[in-house]
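Protein chains in written order, with our numbering: chain D, 1 to 354; chain E, 1001 to 1293; chain C, 2001 to 2444; chain H, 3001 to 3256. All residues carry an ideal CB built from backbone N, CA and C; glycine is no exception. Worksheet: one structure, shown below.
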Amino acid sequence: MTATVPRLTASFDDAPLTLVRRRWRPGLLLLLLVAFVGLPWLGNDYWLNAILIPFLVLSLAGLGLNLLTGYTGQTSVGAAGFMAVGAFATYGLLLRVPGLPLPLALLGGGVIAGVVGLLFGIPSSRIKGFYLMVTTLASQFFLEWVFAKFPWFYNYASSGTISAPRLELFGHNLATPVGRYLLTLSCVVLLTWVAANLVRSQVGRNWMAIRDMDTAAAVIGIAVERDKRMAFAVSSFYLGIAGALWAFAYLGTASAGSFDINRSFQILFIIIIGGMGSIVGSFIGAAFISLVPILLSHAGQWLFNGNVDAGQLQNLQKVLFGALIIGFLIKEPEGLARLLGDLRERIRVWPLRF
Amino acid sequence: MNFFLETLVGGLLAGTLYSLVAIGFVLIYKASGVFNFAQGAMLLFAALTFVSLREQGFSFALALVLTVLVMIVGALLIERLVLRPLVNRSQITLFMATLGLSFIIEGLAQGLMGAQVRALDLGIEDVPLFVGEIMVSQFDLIAAGVSGLTVAVLALLFNKTRIGVALRAVADDTRAALSLGINLNRIWQIVWAVAGVVGLVAGLLWGARQGVQFSLSLVVLKALPVLIIGGFTSIGGAIVGGLIVGAAENLAEAYIGPLVGGGITPWFAYFLALIFLYIRPSGLFGDRIIERV
Amino acid sequence: MHATFKRSLAAIGLALGAYATLVPAAQAANEQFFPLATYRVGAYASSGIPVWAGMIDYLRYINDVEGGINGVKLVWQECETEWTAEKGIECYERFKNGLNGAPVAIYAPNGAPAAYALADKAEADRIPLITLGYGRTEATDGRVFPYNFPAMLTFYSEASAFINYVAEREGGLDKLKGKKIATVYHDSAYGRETQGPLALLAQKYGFENIQIAVADPGNEQAGQWRQVRQLKPDWVFLRTWGVSTPVAIKTAARFGYPVERIVGDIWASSNEDVLPAGEAGKGYLALTPYPGGADFDIHQRIRQYILDTGKSDLKDPKSFGSVYYNSGLVNAAIAVEAIRTGQKKFGNRPLNGEEGRWGLEHLDLGDARLKEIGFLGLMQPLKLSCSDHEGGGAAKVQQWDGQQWKLITDWVQADRVTLRPLIDAKAAEYAKEKGVSARDCAAQ
Amino acid sequence: MSSLLEVRNVSLSFSGVKAISDLSFSVRLGEICALIGPNGAGKSSLLNILNGVYRADAGQLFFAAEPLHRPHPLKAARLGIGRTFQNNALFKKMSVVDNLLTGLSRFQRTFFLEQALGLPRARREARAFAERAEQVLEFLELQAWRDVAVGSLAYGLQKRVELGRALIAQPTLLLLDEPMAGMNAEEKQEMSRFIADINRDLGTTVILIEHDIQVVMGLSSHVVVLDYGRKVGDGTPAEVQANPDVIAAYLGVSHA
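This is the structure:
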C-alpha cells in the first residue's frame, strides 16, 4: 500500500486479466435465441412493424437518455432533437456517400449526433438543474427548426420528409419486416452490451458520483466537466442511432416533426417509469409505454366492440399515464425495474410464509 | 423606423402575456420550489372551464366566479394528492410529477369539455389603432392593461396581507418559517390556487386571441425562456423577462427571420435565454446559488 | 442485473403473447371492411371529428338504405391515430388483414405523416391508399406510385386553382403580371408542398411570389402578419391548419389586412376554422373540393334516413353539412364507388386491396353518376387512371358570411397540364432514389 | 525535512464577513496537524481553500515547496490532496466498494472506448483498481459492508467509508473535517487508531479538524488554533495547552 503514484499505475498493466469475465447466464442466451430466431419465426407483420420494432427503438432511446439523466443526473428534455440529428445524418450519409454500407452509415449518424450532443453539453459545466434542462429544451426546438428549414438535410424534397433508402447489408435486402426487426435488434443488443460495460466501468462510476454529488466528485479527483460532456456525447450517440432506426427501420420515413418535443417527453417518461439509472429499466419502460396504449385501445374495441369513442379512450389513457407517472414518483422512484425486482424477491420467499 | 417601433411595441405588448404565464411559475417556485410544468395545462383547463360555462348560458361574472372556484378546488387536490406525498423530494422529481400532472389535466380537460376549438369573446374588439404612424392592436393594449392590473393585485396580496408575509417567509427560509408555526401545506394550497387564477386570466387573454383549445397549453413553452432570463424567483424578473422575450422574438422574426426563411420564433426565445444564461447563470433577478460543502 | 433483464423481457414476451388472439382469423364473409384511421384527440382533433361523422353516416346510409354495395354489407372499425405516423402504422398493421374475414379494399391513412410512413408498406401489402387533399403530390403519377391515390385535388392543383381564381377576379391571367401574391403557410410538409408549383406559375404569369412561414402550432403570428402588412400583397393564400387558421384570420384583422383578400386552402376552409375567429372571419374566402352546405341531394337522403332516425355519428347536429362533414361523405363515396367499379370486373363480392386498386384506376364519375348518388355539385367529376391518380383537379371558392359558407364560384379548374412535368420530374426523382422502375400503363 | 504545506497570509471573506484573516502556518511532511477553534472560526473554510473549493481573497499556498496557482478541487486531488467532509459527501446510492473505487479516478489511464468495449487494458486496470479497493476495505475493516449502499450505513461507518475513499487515492496530504463528529467514545478511539495507522504506515501527512481536545492531544503532533479567522495558537499540543490566549479563546469555553 505504500506504493507511490508512478509505480502504482505501472503495476496495472501486468495485472491478471480475469476481472470482468462475463458469465453468460443460460437465461440470457435463451432470451437472445428467442429474440433472434423465435420471434422472427412466429411474429407476423403486426407484431414486428407495430410492436417489436418501435419497442426496441424506444428502449434504445431510453437507454441513451438513461445514461445521461439516470446515471449522470443531467435532466434532458431534448432527447428527440438528437434522434433527429441521427436520422438526418444517416440519411445524408447514405445519400451522399455512394456505396457506404448501412452499419457504417448508422455508426456515422450516431457519431455525428454524439458530436452535436457534445456541443449542447458544453453549458453543463456552468449551468445546473432546471437551467440546464431549459438549455436542452432550446436544443430540441433549435434542431427541430434546422431540419424543417434547410432543404439540404432532406435532399430538397418538397414535402420536407426523408424516406428510407434501400436497407441492405452485403446484398441482403433488409426492407422486409423481419429484416428491419433483425437490424434493429442487433443494434440494440450490441449497444446494450456496451452500455452494460460502461456503467460497470470507472467512467460509469464517475457518472454516478457526479449524479450523487458533483462537488464531492471533483474533490476526489473526478474530472466532472469532462465526464459530464462525455455523458452528453454518449447519450446523444445512442439517441442518434435510435433516431435513425426510428426513421428507417420503423416509420420508413421521417420529418423534423417526427422528433418533436412530445417524443422527448415520451422518452423521459420511459426512464421515469422504467427506472432511472437502470439498463433493464429502459427496456421495461419502453415496453410499458409502447404496449399500454395499444392494449388499451384493443381493450376498448373488445369491451365496447367499437362503440366507444376512440377519443375518450385516448383522453382516459392520457390521464392514466399522468397518474402512473406521479404514482411511480411517489411510490417507487426507482421505477418498474425495482418493482419487478422486489416482486421476484417476494415470490422467492413466498413458500416460506407457510 | 416606424416598422421597427411598431414591431417593438407589438412585441412588448405580447410580452406582457408571456409575463403573466411566467408569474404563475414564479409564485409556485418561490413557495414550494416546484418547477410547475403543468402551468400551461392549468391555463387550458381554466379557459376551457370558463368557455364551457359560458356555453351553458352562465353570465360572464358568474362563469368567472365558478371557474375561480374550480381552480381553487383543483389547487387543493393537487396539494393533497401530489405535493404532500412528494415533500422533501428532489426538485427534478417534483418537476417530473408536474409533467404527469399536465397529462392528467389535459386529458381531463379534453375528455370533459371536448377537443373542438371554442371561440372566446371577451367583448374586446380587436382592431388596429393608430398612435401617430404606429399601429397598435387595441386588444393587445387592453390585454397588457389587464396583465398589469393582475400583477398589481398580486403585489398587494403579497406585500400587504399576512398570507403574503408568510409566503415570503417560506420563500426565504422554509425551516425558519416552519419554526414560526407557518402551515406549509396551507401556503402551497394558496399559492397553487393563486397560480390557477393567474392561469385563468392568461388563459382568457390567450384564448380570446386564438380560440380556446388544446394548443393553448403550449403557451407554457413560451414561459420557460422568460423564466431563465428573469430568474425563477423574481416576479419582477418574470415581467421584465416577458417583455424582453416578446420584443426580441418579434424583432427577430421581422429582421432575422427573412434571412433564414422565417419561423424562428419557437426557438429564438430559448436562444436568447442561453445567451443570458452564459452571462448570468441564475437569471437577471434570480438569487445566486452558493455551493455548500 | 441479467436475471432481472431476462425476467422483464420474458414478461414483455408474455404481453406480446396476448396479441396472438388479436390477429383476426381469415374466414369467408360477405362483408367489405372499411378501416377508419381517425384522430379525435390532439391538436388537430377539431378538424377530424366531423370528418369521421360524415364517413360513418354515409357508410351506414349505404348499408341501411341501399343494402350495402350490390348486397355486400360494409363493416367498419375505428382506430385512433392522433394524426401521428407511429399510431397510424399501428392502426394500419392492425387493420390490413381485414376484420373477421372482411377484407380491406381501400385504406385512408387520414393524416400526412401516416400517409408518408405507409406508402412503402401499403405497396408491399398491395393495399391502395387514398389521400384526399393531402399526401404526396407526385403520387399522381400512378406509374411510379401504383398504390397511392392523391385523388381529386392535390396541393399542386390547389395552388393552380387558386391562381386561376385570382386571375378570374383580376380579369384574366394576363392581369397577374406584377401582382403580389403572398402564401402564409404552416411550416410543415403540408405547408411547403405548394412552393414548387407557385414558383413555376409565378414565373409563367409574372406575379411576385411571397412565401411566409408560420411555425407549428402557429398560435402567435404577429410577426408574420406584420410582414404581410408591410409588403401589402394583393392576395394572401392561407395554407395553415388547425389552430393556426383562426389565429391567422384574427391576427390579419388586427393588422388591418382585408379578410376578403385572404383565400384559405382545403385545410383552412371549414366551419371549425372560421368560427373561433368570430367577427374577424366575415368575408373570408376558401378553396374547397367539397363545399360546405346541407342542401345537396345526398344531405336530404342522409337527413331522412340517418340523422332523423338518430343513427348519425354527429355529436352536434350543427355541423351537419359542414365542410369537414361533407369531406367525410366525399371520402366515403369515392371508396364506395371504386369498389362498385371493381365489382363490375370481379363480381359482386368483397374485394381485396389489389381489386380495390383496379376499381380506383377505372373509376369514372361523370355528372350523371354523381347525380344518381346525390353528390352533384358537392363533388366534381372524377376520372382516375393508371397514369393519373388524381383526376378532377378543381375546387370551388366559398365565402364565410359569419353564419355559414356561401358558394361564390362553380368549379375552378386547375391548369394540370402545366404542372404535370413538375410532378413527373418529382416522381422520376423518387423512383431513382428508391431504385424502383415505373410500370407501363399501356400494359394495364 | 521541510514543510509539505505552507499557508501564507491567507484571507477569505463571504460578502464582507471575514472568515479568515491573514492566516499563516505550515505543516511538516509526515505530521498530524490538528486545526481547533470554536464553531465559525473558519476551520472548514480553510480546508476548502486548501483543496480549491473556495478561492482565497489574498495570500498564497505552497504545496511541497511549489506555489499553488489558481487552486481547483480537481487540481488539488491530482496533486495528492485527499479530503473528507464535515457532513459526509458520499455517493449515497452507490455501494461501499464503488464509493472507494471512485477515489481512484485520478489514476485512470485507459480510454473511454477501451472501457466501453471491455478491452484487455481496461479490464486489467479494473482488476488492479478492484484489488486496491479490497486492500482499503481490509485496512479499514469494512469488508462486511462491501456491497451495501452507503446511504443505508450508520453514520460512523459512513465516516470511515469517506476516509477510505480519500485514502485509496494514496494522498500525500489528507484533510479530515471533523472525522469523529457525532461518534461515541469507542468509535472515536477506532477512528483515531485508523488515522494514526494511516499516518504511520503510509506516511500520509494529515490535517484534521476536531473538537474533542483529548483526541486532539492524543493524536496530533502539531496544533493550530483559530478564533474568528485569526491564528491564536500554533505549536505542539503541550505548547498550545500552555498558551493563555488559546485558553481564553477556546479551551476555557469548550470545557465550560
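| Query | Result |
| --- | --- |
| Within this structure, are the beta carbons of alanine 3166 of chain H and glycine 3080 of chain H separated by less than 8 angstroms? | no |
| Determine the extent of the alpha helix (DSSP H) in which isoleucine 1239 of chain E is found, giving its start and end residues. | 1235-1255 |
| Would you kindly work out how many angstroms separate the C-alpha atoms of glutamine 1091 of chain E and leucine 1083 of chain E, rounded to a whole number? | 11 angstroms |
| Please list the partners that alanine 138 of chain D has in chain E, where partner means a Cβ-to-Cβ separation under 7 angstroms. | Trp1267, Tyr1270, Phe1271, Ala1273, Leu1274 |
| Work out the CA separation of phenylalanine 2145 of chain C and proline 2035 of chain C for me, nearest whole Å. | 21 angstroms |
| Taking DSSP's pairing of strands, which residues face glutamate 2031 of chain C in a bridge? | C:Lys2073 |
| Do you know whose CA, among E:Phe1003, E:Ala1014, E:Thr1007, E:Glu1006, lies nearest leucine 1209 of chain E's CA? | According to the sequence displayed, residue 1209 of chain E carries arginine and not leucine. With distances taken between Cα atoms, arginine 1209 of chain E lies closest to E:Ala1014. |
| For threonine 358 of chain D, I'd like the list of residues in its chain whose CB is within less than 8 angstroms of its CB, leaving aside the five on either flank, ordered along the chain. | Summary: the structure shown does not reach residue 358 of chain D, with chain D confined to residues 1 through 354, and so no result is reported for it. |
| According to DSSP, is glutamate 144 of chain D part of a helix, a strand, or is it coil? | helix |
| Against chain E, with Cβ distances strictly below 8 angstroms, would phenylalanine 130 of chain D count as a contact? | yes |
| Confirm, please, whether the CB-CB distance from serine 2244 of chain C to tyrosine 2324 of chain C is below 8 angstroms. | no |
| Pairs of beta-carbons, one from the region 74-93 of chain D and one from the region 258-275 of chain D, closer than 8 angstroms: are there three or more? | yes |
| Please name the residue or residues paired with tryptophan 2083 of chain C in a DSSP beta bridge. | None; tryptophan 2083 of chain C has no bridge partner. |
| Tell me where the alpha helix (DSSP H) around glutamate 2208 of chain C begins and ends. | Run containing glutamate 2208 of chain C: none in the alpha helix (DSSP H); it sits in the beta strand (DSSP E), 2208-2214. |
| Return the CA-CA distance between serine 2047 of chain C and leucine 324 of chain D, expressed in angstroms with no decimal places. | 30 angstroms |
| Is there contact here, the region 3202-3212 of chain H with the region 3150-3166 of chain H, by at least three beta-carbon pairs under 8 angstroms? | no |
| Going along the chain, which residues of the region 1121-1141 of chain E sit with their C-beta nearer than 9 angstroms to a C-beta in chain C? | Asp1121, Glu1125, Asp1126, Val1127, Pro1128, Met1135, Ser1137, Gln1138, Phe1139, Asp1140 |
| Report all residues from its chain with a CB closer than 7 angstroms to the CB of tryptophan 2358 of chain C; omit the five preceding and five following residues, and keep chain order. | Gly2342, Lys2345 |
| At least one CB of chain D closer than 8 angstroms to the CB of proline 1258 of chain E: is that the case? | no |
| Answer yes or no: does any C-beta atom of chain C fall closer than 8 angstroms to that of threonine 161 of chain D? | yes |
| For arginine 126 of chain D, which three-state DSSP category applies? | coil |
| Using a Cβ cut-off of 9 angstroms, pull out every chain H residue sitting near asparagine 197 of chain D, in sequence order please. | Gln3115, Ala3116, Leu3117, Gly3118, Ala3122 |
| Quick check on the burial criterion: 16 or more other C-beta atoms within 10 angstroms. Buried or exposed for glycine 2392 of chain C? | buried |
| Return the CA-CA distance between alanine 2025 of chain C and asparagine 2100 of chain C, expressed in angstroms with no decimal places. | Model confidence at alanine 2025 of chain C stands at a pLDDT of 43, short of 50, so the residue's coordinates are unreliable; what they give is reported in the following sentence. Their backbone Cα atoms lie some 6 angstroms apart in a straight line. |
| Only counting runs of 4 or more residues, tell me where the alpha helix (DSSP H) segments fall wholly within the region 3055-3139 of chain H, in order along the chain. | 3073-3079, 3096-3102, 3112-3116, 3120-3139 |
| Counting only C-beta atoms, is lysine 3018 of chain H closer than 8 angstroms to chain D at any point? | no |
| For lysine 3092 of chain H, go through chain D and note every residue whose CB falls closer than 7 angstroms to its CB, in chain order. | Asp212 |
| Over the uninterrupted alpha helix (DSSP H) stretch that includes leucine 2454 of chain C, give me the two end residues. | Residue 2454 of chain C cannot be examined here, being either before or after the span of chain C that is shown, 2001 to 2444. |
| Given that isoleucine 241 of chain D touches chain C, what residues does it touch there, using C-beta distances under 7 angstroms? | In chain order: nothing, as chain C lies at least about 18 angstroms away. |
| Where does tryptophan 1192 of chain E land, buried or exposed, given buried means 16+ other C-beta within 10 angstroms? | buried |
| What's the call for histidine 3069 of chain H, buried or exposed, on a 16-neighbour Cβ count within 10 Å? | exposed |
| For lysine 2096 of chain C, does the three-state DSSP call read helix, strand or coil? | coil |
| Are the CB atoms of leucine 2129 of chain C and asparagine 2148 of chain C nearer to each other than 8 angstroms? | yes |
| Grab the span of the beta strand (DSSP E) containing arginine 2976 of chain H for me, first residue to last. | Here chain H comprises residues numbered 3001 to 3256, so residue 2976 of chain H is not present and cannot be evaluated. |
| Cα-Cα, which of H:Gly3052, H:Val3246, H:Arg3078 is closest to tyrosine 3228 of chain H? | H:Val3246 |
| So, under 8 angstroms CB-CB, leucine 1101 of chain E and alanine 1047 of chain E are touching, yes? Tell me the CB distance rounded to an integer number of Å. | At roughly 17 angstroms, the Cβ-Cβ gap does not stay under 8 angstroms, so leucine 1101 of chain E and alanine 1047 of chain E are not in contact. |
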